[in-house]
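A quick write-up on the structure given underneath.
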Amino acid sequence: MGHPLPPGDVSYVKLLGQDIILLSSYEAAAELLDRKSAIYSSRPSQIMVGELVGWEQGIGLLPYGEEMKRTRRLLYEAMNGKAMSDLYPLQEREIIKFVQGLLRNPNQLKEHIHQMVGSSLIKLTYGYEVEGVNDPFIVLANEAMAMFSVVTAPGAWIVDTLPFLKHIPWTSFKAKAKEWRALLHALVDRPMKFTRDRIDRGDEMPCLVTRWVERDVKTSTHSKEEAEYNDSLIKVIEVHSSCFIRLTTLVDIVGRCLNSCGRSRYTSVVATFFALMALHPEVQKRAQTEITQVIGDDRLPKYDDRSSLPYIEAVYREVLRWHAVLPAGLPHLSVATDDVEFRGMRIPKGSVVFAVVQNMHHDPQTYHEPHIFNPERFLGYSRNVERNPESTILERRLRAAKTLLEGGVLYALACLMYIDLTKFVRFAT
Numbered sequence: 001m002g003h004p005l006p007p008g009d010v011s012y013v014k015l016l017g018q019d020i021i022l023l024s025s026y027e028a029a030a031e032l033l034d035r036k037s038a039i040y041s042s043r044p045s046q047i048m049v050g051e052l053v054g055w056e057q058g059i060g061l062l063p064y065g066e067e068m069k070r071t072r073r074l075l076y077e078a079m080n081g082k083a084m085s086d087l088y089p090l091q092e093r094e095i096i097k098f099v100q101g102l103l104r105n106p107n108q109l110k111e112h113i114h115q116m117v118g119s120s121l122i123k124l125t126y127g128y129e130v131e132g133v134n135d136p137f138i139v140l141a142n143e144a145m146a147m148f149s150v151v152t153a154p155g156a157w158i159v160d161t162l163p164f165l166k167h168i169p170w171t172s173f174k175a176k177a178k179e180w181r182a183l184l185h186a187l188v189d190r191p192m193k194f195t196r197d198r199i200d201r202g203d204e205m206p207c208l209v210t211r212w213v214e215r216d217v218k219t220s221t222h223s224k225e226e227a228e229y230n231d232s233l234i235k236v237i238e239v240h241s242s243c244f245i246r247l248t249t250l251v252d253i254v255g256r257c258l259n260s261c262g263r264s265r266y267t268s269v270v271a272t273f274f275a276l277m278a279l280h281p282e283v284q285k286r287a288q289t290e291i292t293q294v295i296g297d298d299r300l301p302k303y304d305d306r307s308s309l310p311y312i313e314a315v316y317r318e319v320l321r322w323h324a325v326l327p328a329g330l331p332h333l334s335v336a337t338d339d340v341e342f343r344g345m346r347i348p349k350g351s352v353v354f355a356v357v358q359n360m361h362h363d364p365q366t367y368h369e370p371h372i373f374n375p376e377r378f379l380g381y382s383r384n385v386e387r388n389p390e391s392t393i394l395e396r397r398l399r400a401a402k403t404l405l406e407g408g409v410l411y412a413l414a415c416l417m418y419i420d421l422t423k424f425v426r427f428a429t
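Just so it is clear: in the sequence shown, position 83 is 83 by the UniProt record's numbering, and no numbers are missing.
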């Protein structure tokens with residue numbers, strides 16, 4: 001079968017008895033994770049975060065199988081571009097509130113970003129109107145976000161290395177897991193109760209949960225098989241709705257151990273944008289010129305303006321390239337029953353595979369002068385338009401979230417172009 005993997009775009013390390021494969025090029029990731037996805041689409045077991053705390057039903061942690069496929073379908077049906085179109089105004093209003101708050105209190109940049117991310121996702125998911133940074137649902141979501149970062153820290157919990165310890169009573173990690181499990185249940189149950197109460201009163205707001213509940217009500221008119229399927233979707237709402245509140249916290253599993261700077265993709269992209277615009281005012285000036293020429297000065301941009309703002313799109317792509325929202329991807333567990341040959345090398349069965357996206361985005365073989373922030377690399381009139389960083393091997397199970405992330409961030413970036421962002425440099429860096 002060949003020899004253990006040498007250094008290069010495919011690297012190998014053994015950590016605490018676990019074989020780990022690191023892929024650092026688009027080609028290697030496509031060849032292994034995409035073309036052989038049937039082998040590498042599952043997840044390694046994580047006792048603390050999954051079994052003990054309760055995140056095992058989250059879309060990012062589900063092992064590959066029918067439940068994962070059904071959940072992925074649920075997310076796609078709710079969050080594809082067509083389905084999201086009538087909910088975009090909700091997100092627009094939250095982003096405008098974010099800009100207004102930022103102008104009032106520019107020294108609270110991080111707080112405003114976290115509130116904007118949380119309020120946008122809570123509004124879209126539950127139809128709940130957040131009232132400031134101290135809103136109970138925002139506080140709850142932030143606590144759960146911090147908890148998830150701690151509970152998924154690599155090597156932090158001995159039970160992940162020695163699973164038999166989960167059967168031993170009175171251990172400190174089990175006490176902590178019980179506390180965090182209660183927090184997770186509160187994160188799911190409280191906003192769900194709010195939405196269901198409004199539905200019962202007949203004054204529900206447009207949101208994702210309302211759509212799912214309405215689908216459940218219609219099952220009586222469907223076949224038995226379809227009714228059972230729809231019922232299963234509603235059951236997983238109780239867990240997966242929590243993922244929408246801080247959908248992007250799931251990427252933290254690996255990001256923390258490989259220098260990820262963000263606790264959520266949404267938050268990370270917006271924070272990175274602030275830092276880059278503060279350091280590159282010429283980019284913001286050009287973006288402002290494009291907005292003025294296309295839209296004028298009498299209104300803010302809207303989602304429908306996206307196709308008319310190619311430079312804004314290019315800035316968004318360059319921000320994603322500069323600081324990957326999935327720096328090391330998520331862990332892929334090999335379910336092959338034997339070692340697998342790859343390029344004449346041997347990948348041991350049971351290996352965990354990571355696609356190191358940050359390395360791919362800074363590969364000089366793919367991007368010209370990758371150390372330079374240059375949105376023009378993605379414009380159509382450039383001599384050689386470079387690879388869209390969004391074309392990186394993306395988790396199939398998370399692709400449904402792309403519409404939410406992309407639409408919200410692009411709209412936020414376009415609105416923020418009206419502000420002089422250089423004054424935020426000390427808060428953004």
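No residue lacks a Cβ here, since even glycine has one placed at the ideal position from N, Cα and C.
For E111, no beta strand (DSSP E) encloses it; the enclosing alpha helix (DSSP H) starts and ends at L109 to Y126.
Comparing alpha carbon positions, the residue from G132, I138, Q46 and G127 closest to L162 is Q46.
The shortest C-alpha to C-alpha distance from E390 to any of E318, Y76, T152 and T71 is the one to E318.
Under a 10 Å Cβ-count criterion, E94 is classified as buried, with 16 or more other Cβ atoms of the shown protein chains found around its own Cβ. Taking a C-beta distance under 7 Å as the contact criterion, G101 and H114 do not qualify as a contact pair. The shortest C-alpha to C-alpha distance from S120 to any of S307, H368 and G408 is the one to G408. Comparing C-alpha distances from V10 to each of L416, M360, V385 and R377 shows the shortest one belongs to M360. Looking at L183, F137, R73 and V13, the one whose alpha-carbon comes closest to that of V49 is L183. D135 sits in coil when the DSSP states are folded into three classes, being neither helix nor strand.
Out of R343, L23, K36 and A314, the CA that lies nearest to the CA of F373 is found in A314. The criterion of a C-beta distance shorter than 7 Å is satisfied by L61 and R43. Counting other Cβ atoms within 10 Å of its Cβ, D200 stays below 16 and is therefore classed as exposed. When rounded, the separation of the alpha-carbon atoms in G118 and R377 is 32 Å. In terms of Cβ geometry, I347 and V357 do not form a close pair [threshold 7 Å]. Note: Q18 is bridge-paired with L15 in the DSSP secondary-structure output. Annotated three-state conformation of M345 is strand, per DSSP. Nearest in C-alpha terms to E204, of all of S85, G127, E51 and L320, is G127. Look at the stretch 273-313 and you find these whole runs of alpha helix (DSSP H), each 4 residues long or longer: 281-294. I39 sits buried, since 16 or more C-beta atoms from the chains shown fall within 10 Å of its C-beta.
In the DSSP secondary-structure assignment, V352 is bridged to I20 and L333.
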